[in-house]
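Peer 1:
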Amino acid sequence: MYIKSIADLQVGEKGTIKEFQNEEISLKLLEMGCLPNAEVEVTQKAPFGDPICIRVADYQLSLRRREAHTVLVQ
Amino acid sequence: MKVALLGNPNAGKTSIFNYLTGMNQKVGNFPGVTIEKKVGTCHLPNQQKVSITDLPGTYSLYPKSLEEEVVLEVLLDKEHPEHPDLLVVVVDASNLKRNLLLFTQLHDLGIPTILVFNLIDAAKKAGLHFDKEVLEKAFNTTIVFTNARTEEGLATLEQQLTSPKDHRPTQSLWSSDDVTPALLKEVQEKYKLKNTYWALLLIHHFEKLSFLSEENKNSLERLSLQHGFKSLPAQSKETVQRYELINEITTNSIKKKEGDGSEVVLNKELDILFLHPVGGYLIFFSILFLMFQAIYTIADYPIQWIEQLFAWVGTSLNEQLPDTPLTDLFTDGILAGIGGVVVFVPQIAILFGIIAILEETGYMTRVMLLMDKLMQKFGLNGRSVVPLISGIACAIPAIMSARNIDNWKERFITIMVTPLMSCSARLPIYTVIIGLVIPKQQIAGIFDLRGLVLMGLYLLGLAMALIVAFVFKFIVKAKGKSYFIMELPNYRIPRWKNVGMTMYEKSKTFVWEAGKIIVLISVVLWILAYYSPDGSRTQIADEVKKDNPSLSTDELANKIASVQLEQSYAGHLGRVIEPVVAPLGYDWRIGIALITSFAAREVFVGTMATIYSIGSEDELTVTQHLARAKDPVTGEPMYTLALGASLLIFYAFAMQCMSTLAVVQKETKSWKYPILQFVYMTVLAYVAAWATYNVLS
């Protein structure tokens, strides 16, 4: 199945978290409610496309493109 | 009894703290670290007094920043002076799941706990309905619903604080059975801990906990190796399991009707506006621009009243009291010094008020987003925006707030350049000098020229901070990774009570902290400027009279006053350093002020007030005194545009603040960095002021 990262999603696009590729970043994201199988939606991008804003578990979170690349979604 | 308020950032802890403690608050630091600690007293309905600590906002008991480490330290160290007997965990009811993660961890420590569902109105608006009884049973705790904005439910909370014993958790919510029970048992026995989760946290964090002795750390490390304990996977497993638990409980006890979704839509539209690649920056700079205009125009009236009040008190005291040196010391030394501090309260209050509003509304986090990419080009981080903007108020809290930046290099550069931002202590100097050399004019009918110049100085500070940061980016080696995972709070109307409280607290701190130094230096300075190594004041006066028989009474009085000052101890001191500051266009009087303001730049204006008011009969404002000063050679007004600009530039860049250096030393745990900072800023200030003076004169 075709898998991409949060960084590849367009504004308004949704995805389901499948895998974390960086253990340290994943700990922070888990704590912030980005759990495996959680649905995320890219809501907004800052100028120059970085950082990215996502909606997860009913609130908004921001992360840099570099960090978004480590979260694979489906 | 000690109560600690805990919760995620933005859950509304501060509003609840303000309600419970009112004006009985003390802002200090946690021992050994420079993290702001707010403690207050609360009078409970049963007349009992309890101490309440507002702990820094935290997402979990697995600290990712230095502020979160302090929270862990307070909780795990039973000997800590702030170790609580009762926890009040504040959660945002409209964003429950993430907020409850911290709650379940705190609950499992076994300390009596009350769970506060705050922002209940927003949750109801979003269509959420809570079954309180089911929730209380499932979470094994007491729940209070509050809405801090309308003070709903806060009286109930106060009532619950009276009986801490009723709130002790009876069983753990999460079971640590998955993680090596044998290890936990050994730790529990060794440290006499009843609580299993407490033992687990010790094993996870022993390296970071400062209250553990080296011996304890070594033995914990040995134990953890023996049992093959892996911290990161265990942590990730725990987090996932806790979320599963929370999901299970909340699905049964919280019903969600579809809300109208109006808030989400509004948030989205505001984000589109504020994060727009062009509009976003325009709005940000307009806000900054309005801020400086407000500081100049709104603060103008109260400043005039304060100045007139102090001038009037001084003049009437001079008339009423006998003409002795003591009276002079009081009116020219102490009163002039105090007046010099109080007069800046309106501007400082407005500045802190506006910064508080930007934070309260949630706009500040959007500014971080807007600036992150740009800041990274200068070796900084989007989060550096908060220290840099707070630096406009005061570099000390600003440098402390750099703790939110988890990357060492970005944090270090932020600390090094923050003092270049024009702080409120520079504002007095800017105000006086601009008032002196820049004419009062309207530009394009609406903008005040002086306000524009003031804004220019702030921009100059910002530009220099970025330039220096850029240089540091290539010198400093990187350590560790840089993250930018951050919650974006919903936009909301500021809670005006919190804004008012910030303005009051910060102004009070400024008056007390700066006031103490300024009054002390004013007195010392008055003594130095009043007495002379060359004979008594009357002797000097008599000599001047003898040498100038042809002068009128007025001219003679002025001449006597200036000769007396010149021959005083201060005059001699000023002459010693005059050669050093002469290339910048300064005379010995300014030289004295540079020396006295070495430790704290706000002393400059007080010093000028003291120097120029000694010997003068009427109490004028500093600006009036300086405007009268004449160049001894040409007879033209002393304060020309070139001299004024040179002074402005010098103070914009110079590191004239002992307290900031002390904080930098604490934060970087090294003497090398504050010294480096002091040297580079002083050299920069000297060269820039010299160039300015020579170009303009």
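Chains A and B, in that order, are what the protein sequence lines are. The opening residue of the first sequence carries number 8 in our numbering; numbering runs sequentially from there. The opening residue of the second sequence carries number 257 in our numbering; numbering runs sequentially from there. Positions of the beta carbon are idealized from the N, C-alpha and C atoms, including for glycine.
1) Is the shortest distance between the beta-carbon of A:Ser128 and the beta-carbons of chain B less than 9 Å?
2) If the cut is a Cβ gap below 9 Å, which residues of chain B does A:Thr77 touch?
3) Taking C-beta pairs closer than 7 Å, name the residues in chain A that B:Tyr619 reaches, listed in chain order.
4) Taking C-beta pairs closer than 8 Å, name the residues in chain A that B:Thr507 reaches, listed in chain order.
5) Please report the distance separating the alpha-carbon of A:Glu48 from that of B:Glu743.
6) What's the C-alpha gap between B:Pro578 and B:Ala885?
7) Which residues of chain B have a Cβ atom closer than 8 Å to the Cβ of A:Thr50, listed in chain order?
8) Please classify B:Pro789: does DSSP put it in a helix, a strand, or coil?
9) Tell me whether the beta-carbon of B:Thr369 lies closer than 9 Å to the beta-carbon of B:Leu358.
10) Quick check: what's the CA-CA separation for B:Asn523 versus B:Thr621?
11) Cβ of A:Lys21 less than 9 Å from any chain B Cβ?
12) So is A:Gln28 in contact with chain B if we call contact Cβ pairs under 9 Å?
13) Cα separation between A:Glu74 and B:Pro489?
14) By the 8 Å beta-carbon criterion, what residues does the segment 33 to 44 of chain A contribute toward chain B?
15) So with CB distances below 8 Å, who are the chain A contacts of B:Pro533?
16) Buried or exposed for B:Tyr557, going by 16 or more other Cβ atoms inside 10 Å?
17) May I ask which residues mark the beginning and end of the alpha helix (DSSP H) holding B:Val732?
18) Which chain B residues are close to A:Asp100, counting only those with a beta carbon under 7 Å from its beta carbon?
19) Quick check: the segment 928 to 947 of chain B against the segment 901 to 920 of chain B, are at least 3 beta-carbon pairs closer than 8 Å?
20) So what does DSSP say about B:Ile367, is it helix, strand or coil?
21) Quick check on the burial criterion: 16 or more other C-beta atoms within 10 angstroms. Buried or exposed for B:Met937?
22) In whole angstroms, give me the CA-to-CA distance for B:Leu776 and B:Leu410.
23) Answer yes or no: does any C-beta atom of chain A fall closer than 9 Å to that of B:Gln880?
24) Give the range of the alpha helix (DSSP H) segment to which B:Ala947 is assigned.
25) By Cβ distance, which residues of its chain are closer than 6 Å to B:Val598, with the 5 residues on each side in sequence left out?
26) Got a sec? Which residues, its chain only, sit under 7 Å from B:Leu692 by beta carbon, not counting five neighbours each side?
27) A:Pro58: buried (16+ other C-beta within 10 angstroms of its C-beta) or exposed?
28) Within this structure, are the beta carbons of B:Asn264 and B:Asp348 separated by less than 9 Å?
29) Comparing the C-beta of A:Glu74 with each C-beta of chain B, is any distance below 9 Å?
30) Under three-state DSSP, which class holds B:Ile905?
31) Would you please state the rounded distance, in angstroms, between the beta carbons of B:Ile652 and B:Ser915? I believe it to be under 8 Å.
32) Could you spell out the range, first to last residue, of the alpha helix (DSSP H) harbouring B:Gln632?
33) Where in the segment 685 to 752 of chain B do unbroken runs of the alpha helix (DSSP H), each at least 4 residues long, occur, reported from the N-terminal end onward?
34) Cβ atoms of B:Arg751 and B:Leu322: under 9 Å apart, would you say?
35) To the nearest whole angstrom, what separates the beta carbons of B:Thr360 and B:Trp430, a pair I think is in contact under 8 Å?
36) Across which residues does DSSP place A:Arg62 in a beta bridge pair?
Peer 2: According to the structure data:
1) Chain A is shown only over 8 to 81; residue 128 of chain A falls outside these bounds and no answer can be derived.
2) Under the 9 Å cutoff, chain B gives no residues; its nearest Cβ is about 11 Å from A:Thr77.
3) Under the 7 Å cutoff, chain A gives no residues; its nearest Cβ is about 14 Å from B:Tyr619.
4) Within chain A, no residue comes near B:Thr507; the closest Cβ sits about 13 Å away, beyond 8 Å.
5) 15 Å
6) 28 Å
7) Lys524 and Asp527
8) coil
9) no
10) 13 Å
11) no
12) no
13) 19 Å
14) Ser33, Leu34, Lys35, Leu36, Leu37, Glu38, Met39, Gly40, Leu42 and Pro43
15) Pro54 and Phe55
16) exposed
17) Segment: none, B:Val732 is in no alpha helix (DSSP H) and carries neither H nor E.
18) Chain A is shown only over 8 to 81; residue 100 of chain A falls outside these bounds and no answer can be derived.
19) yes
20) coil
21) buried
22) 44 Å
23) no
24) Lys928 to Leu952
25) Ile562
26) Thr879, Leu882, Ala883, Tyr895 and Gly900
27) buried
28) yes
29) yes
30) helix
31) 6 Å
32) Tyr619 to Lys633
33) 705 to 731
34) no
35) 6 Å
36) A:Glu48 and A:Gln67
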